[in-house]
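Numbering (the working numbering), first residue to last: 164 to 387. See below for the structure under consideration.
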Amino acid sequence: MFELGNSLREARVRQGLDFPQAELGTKIRSKYLRALEEEQFDSLPAETYVKGFLRAYAEFLDLDGQLYVDEYESRFVVEAFDDAPVRHRSHARQRELSFERRAIVLGLVGVTALAALVIVAWKFGGSPPSTPSVIPQGAAAPKGLVFSGPGTYIEVRHGSRDGKLLYGGTLRGGELTAVAGSRFWILLRHPHALRMTLDGKPVSLPARRTLRVIVTPSRTALAG
164 MFELGNSLRE ARVRQGLDFP QAELGTKIRS KYLRALEEEQ FDSLPAETYV KGFLRAYAEF
224 LDLDGQLYVD EYESRFVVEA FDDAPVRHRS HARQRELSFE RRAIVLGLVG VTALAALVIV
284 AWKFGGSPPS TPSVIPQGAA APKGLVFSGP GTYIEVRHGS RDGKLLYGGT LRGGELTAVA
344 GSRFWILLRH PHALRMTLDG KPVSLPARRT LRVIVTPSRT ALAG
């Protein structure tokens, strides 16, 4: 048996991630990620969402998602059943949860890369990030940073870690994306299928599951 919340928190802190970055990568609201780390499972809409969010958050942190779901079920599901008469909810609370569940389902189904970028811009209080270009296959690659690779999560910022967010999200198959500029801070997760060029020249990256680099026309270096 292990502590679900503490192990999630330690994995996030060890990777240098804050809640806005974790929200961007998982598409799960920060307040629910915080509730998972604090094991406040009653704050989540329903048991189904607890398991789904727990699995998604653990796998985002390179942990075994099924192991966390199994541990949750062994420790909390039975307790929730035994205490059910004590934790009876009012009709008003049930209607509130029902509405919130529908809102979450619709949000998960309807989310797009553009919506994710707008949410990130709102959280950091700045203007929306520049919209990257999606290049048709077979077209000549433009100037700037060009990348593709299904399943790779990527954040591209201008100049440094604190620079303007130019792109953030998980790449889809067959999509070639470009952002303008010459110096970039980049966070990558699962970049095994990633292909990247800068001004038409291939960018060579170390073979790691999680990677932070500074990319310029003259060099590529590991970044903090």
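Every residue, glycine too, gets a C-beta built ideally from N, C-alpha and C. Computed from a predicted structure; not experimentally measured.
(request) Would you kindly report the start and end of the unbroken alpha helix (DSSP H) that includes A219? (result) Position 56 of the sequence shown, counted from the start, is the residue given in the question as residue 219. It spans 210-223 - the alpha helix (DSSP H) in which A219 sits, taken as one unbroken run.
(request) With DSSP collapsed to three states, give me the class of L350. (result) As a working note, residue 350 is residue 187 in the sequence shown. It is a strand residue.
(request) Just mark S311 as buried or exposed, buried being the case when its beta carbon has 16 or more other beta carbons within 10 Å. (result) On the sequence shown, position 148 is the one that residue 311 refers to. Buried is the call here.
(request) Could you check which residue in E200, V240, L385 has the C-alpha nearest to that of A209? (result) One-based indexing of the sequence shown puts residue 209 at position 46. For the residues E200, V240, L385, the minimum Cα distance to A209 belongs to V240.
(request) Identify which residue in D362, L351, H355, Y330 has its Cα closest to the Cα of Q178. (result) Numbered from its first residue, the sequence shown carries residue 178 at position 15. Comparing Cα-Cα distances from Q178 to each of D362, L351, H355, Y330, the minimum goes to L351.
(message) Whole angstroms are fine: how far does the CA of L226 sit from the CA of G331?
(response) Walking along the sequence shown from the start, residue 331 turns up at place 168. Walking along the sequence shown from the start, residue 226 turns up at place 63. Near 22 Å, if we compare the C-alpha coordinates of L226 and G331.
(message) According to DSSP, simplified to helix, strand and coil, what is L196?
(response) To locate residue 196, count along the sequence shown from 1; it is residue 33. Correct three-state label for L196: helix.
(request) For Y330, write down the residues that DSSP places opposite it in a beta bridge. (result) Here residue 330 corresponds to residue number 167 of the sequence shown, with the count starting at 1. Y330 is bridged to V319.
(request) With DSSP collapsed to three states, give me the class of P365. (result) Reading the sequence shown from its first residue, position 202 is the one you call residue 365. Looking at P365 - three-state DSSP - the assignment turns out to be strand.
(request) Assuming M359 and L328 form a contact by the criterion Cβ under 8 Å, report the distance between their Cβ atoms to the nearest whole angstrom. (result) Within the sequence shown, residue 359 is the residue found at index 196, counting from 1. Within the sequence shown, residue 328 is the residue found at index 165, counting from 1. Between L328 and M359 the Cβ distance is about 17 Å, and since that is not below 8 Å, they are no contact.
(message) My output table needs one value for T383: the three-state DSSP class, helix, strand or coil.
(response) Residue numbering aside, residue 383 sits at position 220 when the sequence shown is read from its first letter. Three-state result, T383: strand.
(request) Tell me whether R388 sits in a helix, a strand or coil according to DSSP, three-state version. (result) Residue 388 is absent from the structure shown; the chain starts at 164 and stops at 387.
(message) Here's a check: name, in chain order, each residue in its chain whose Cβ is nearer than 7 Å to the Cβ of D245, leaving out the five neighbours to either side.
(response) By 1-based counting over the sequence shown, the position of residue 245 is 82. Any reading at D245 is ruled out, since the residue's pLDDT is 43, under 50, leaving its predicted position unreliable.
(request) Grab me the residues of F347's own chain with a C-beta within less than 6 Å of its C-beta, minus the 5 sequence neighbours each way, in chain order. (result) Indexing the sequence shown from 1 puts residue 347 at position 184. Result list for F347: L308, V319, V378, in chain order.
(message) Taking only three categories from DSSP, how would you classify I377?
(response) As a position in the sequence shown, residue 377 is number 214, starting the count at 1. I377: strand per DSSP, three-state reduction.
(request) Within 10 angstroms of the Cβ of G188, are there 16 or more other Cβ atoms? Answer buried if so, exposed if not. (result) For the purposes of this step, residue 188 is taken as the residue at position 25 of the sequence shown. Classification of G188: buried, given that the 10 Å Cβ count is 16 or more.
(request) Would you check if the stretch 168-182 and the stretch 198-208 touch, i.e. whether three or more CB-CB distances between them fall below 8 Å? (result) yes
(request) Going by DSSP, name the residue or residues bridged to T360. (result) Taking the sequence shown and counting its residues from 1, one reaches residue 360 at position 197. Answer by DSSP bridge pairing, in chain order: V309, P365.
(request) Kindly indicate which residue of K306, R218, E222 has the alpha-carbon position closest to the one of D233. (result) Mapped onto the sequence shown, residue 233 falls at position 70. The residue with the shortest Cα to Cα distance from D233 is R218.
(request) Identify whether L167 lies in helix, strand or coil by the three-state DSSP scheme. (result) Here residue 167 refers to the residue found at position 4 when the sequence shown is read from its first residue. Helix at L167.
(message) Please tell me whether T383 and H353 are closer than 9 Å, where the distance is taken between their beta carbons.
(response) Within the sequence shown, residue 383 is the residue found at index 220, counting from 1. Within the sequence shown, residue 353 is the residue found at index 190, counting from 1. Contact: no.
(request) Assuming F216 and A185 form a contact by the criterion Cβ under 8 Å, report the distance between their Cβ atoms to the nearest whole angstrom. (result) On the sequence shown, residue 216 is found 53 positions in, with the first residue counted as 1. On the sequence shown, residue 185 is found 22 positions in, with the first residue counted as 1. In fact, because the Cβ distance is near 11 Å, the residues do not count as touching under 8 Å.
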